[in-house]
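Under our numbering, think of the first position of the sequence shown as 6, with each following residue one higher.
The C-beta atom is built at its ideal place from N, Cα and C for all residues, glycine as well.
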Amino acid sequence: MSLKDQLIIPVYLNEKTVLDMLAIIEDGFSMVSEVSSSNQNSSTTDLKLGGGLSTKAILDKLLKIQIDTNFEKEKSNNTTAETKSEKVHTNVSLLSKFRSELINNQLLSCTAESDLDISKIKTGDFIELEGELQKNPMIDLMEKFIDVFRMSDIFAEKPTLGNKKATSNQKSSDNAVVKQMKSFLDELTHSGTVDFILENPKGTLVLSTQEQYLANDNISEIIGGRFKILGKVIKICKTSEESINLLRKTSLYLLDKKSLDEFLQLFNADELKQFNLPNIKFEISGPSAIVIPVAIYA
């Protein structure tokens with residue numbers, strides 16, 4: 006795998022799962038390793054002794070002999086310098102290492118470079134896919150519906166004197182609807198998890214993400230961009246007769262289809278068509294799969 010493929014920037018990362026998987030693969034591992042290096046420096050010292058020995062005292066009357074003595078010694082010193090440093094992994098470098106292990110050991114049933122074929126994957130498989138993520142259609146619908154009422158309130162004209170009561174009653178009615186929608190939205194998100202949808206010509210993936218692992222706790226980091234997703238498959242619907250319920254994590258899951266259809270008719274009102282609200286969808290038909298993402302990255 007090239008260095009370019011290893012240099013990844015995650016916008017979603019489940020660090021705990023990455024650590025657990027690497028510990029299993031390597032039968033335990035150390036996040037910090039000590040690296041020692043040594044350098045030998047050799048130096049030579051010249052020692053020169055200079056001095057004079059005179060025979061004056063002895064042979065002063067006969068001759069004077071001046072002797073200059075030079076003493077040279079070569080001393081070689083070997084100095085060993087040892088350097089110790091700590092090699093530390095970050096969460097992202099461990100993710101890159103984990104991904105490399107999956108690729109090298111051929112543990113990915115589907116890679117970003119290949120086409121998704123849900124008929125060929127099994128529950129429990131690790132897969133990697135690339136695409137543009139969309140927010141859970143139900144959450145997207147509720148948020149935009151609330152925004153519509155908020156914006157209409159901002160741009161609403163001030164009522165004339167005779168219409169103030171009627172306007173007040175209408176506003177109270179709208180506020181009641183918004184309150185109901187907010188309660189519905191809270192029910193969809195209270196578990197701390199958010200579904201993202203990745204559509205593919207050969208199947209649709211529902212990514213069950215945990216908000217705590219989002220970069221900067223910000224969902225908007227993901228919407229609109231094209232990312233790779235590394236995750237584990239936990240459910241597969243191979244035919245169109247099977248489906249994934251987007252309300253499965255909420256108490257709304259207890260409602261039957263008829264009750265839900267009646268509730269969703271509210272969003273088909275003619276006065277709301279001008280706001281381009283997203284299509285109403287609370288089920289994803291097969292072929293589809295639910296994936297628990299380990300990481301979402303660029």
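Item                                                                                                                                                           : Value
Indicate the three-state DSSP secondary structure (helix, strand or coil) for Thr194 in the structure shown.                                                   : helix
Under 8 angstroms Cβ to Cβ from Ile228, same chain only, skipping five residues before and after it: list those, please.                                       : Leu138, Gln139, Lys140
Looking at the strands, I want to know which residues DSSP matches up with Ser293.                                                                             : Thr209, Cys242
Would Met156 and Phe287 be called neighbours here (beta carbons separated by less than 8 angstroms)?                                                           : no
Hey, out of Gly291, Arg253, Ile151, whose CA is closest to Glu204's CA?                                                                                        : Gly291
Where Glu226 and Gly236 are concerned, what is the direct C-alpha to C-alpha distance, given to the nearest angstrom?                                          : 19 angstroms
According to DSSP, is Ser119 part of a helix, a strand, or is it coil?                                                                                         : coil
Going by beta-carbon coordinates alone, are Tyr302 and Val23 separated by less than 8 angstroms?                                                               : no
Specify, as a first and last residue, the run of the alpha helix (DSSP H) that Ser101 falls within.                                                            : 96-109
What residue range is occupied by the uninterrupted beta strand (DSSP E) comprising Ile132?                                                                    : 131-137
With DSSP collapsed to three states, give me the class of Ile202.                                                                                              : strand
To the nearest angstrom, how far is it from the Cα of Arg253 to the Cα of Leu271?                                                                              : 21 angstroms
Considering only C-alpha positions, which residue in the set Ile30, Thr209, Gln215, Phe189 is nearest to Leu260?                                               : Phe189
Return the first residue and the last residue of the beta strand (DSSP E) that Ser248 is part of.                                                              : 248-250
Name, in chain order, the residues that DSSP records as bridge partners for Gln215.                                                                            : Thr198
What did DSSP end up calling Phe280 once you bin it into helix, strand or coil?                                                                                : helix
Give a yes or no on whether the C-beta atoms belonging to Glu133 and Ile289 are separated by under 8 angstroms.                                                : no
So, does the segment 269-285 touch the segment 144-155, judging by three or more C-beta pairs under 8 angstroms?                                               : yes
What does the alpha-carbon distance come out to for the pair Asp120 and Arg231?                                                                                : 16 angstroms
Keeping to the same chain, check which residues put their C-beta closer than 8 angstroms to that of Thr128; ignore five residues upstream and five downstream. : Val238, Ile239, Lys240, Ile241
Whose CA, out of Asp10, Leu12, Ser7, Leu18, lies closest to the CA of Asn221?                                                                                  : Leu18
Can you tell me whether Gly197 is buried or exposed? The criterion is at least 16 other CB atoms within 10 Å of its CB, across all chains shown.               : exposed
Mind checking which residues open and close the alpha helix (DSSP H) that includes Leu27?                                                                      : 20-30
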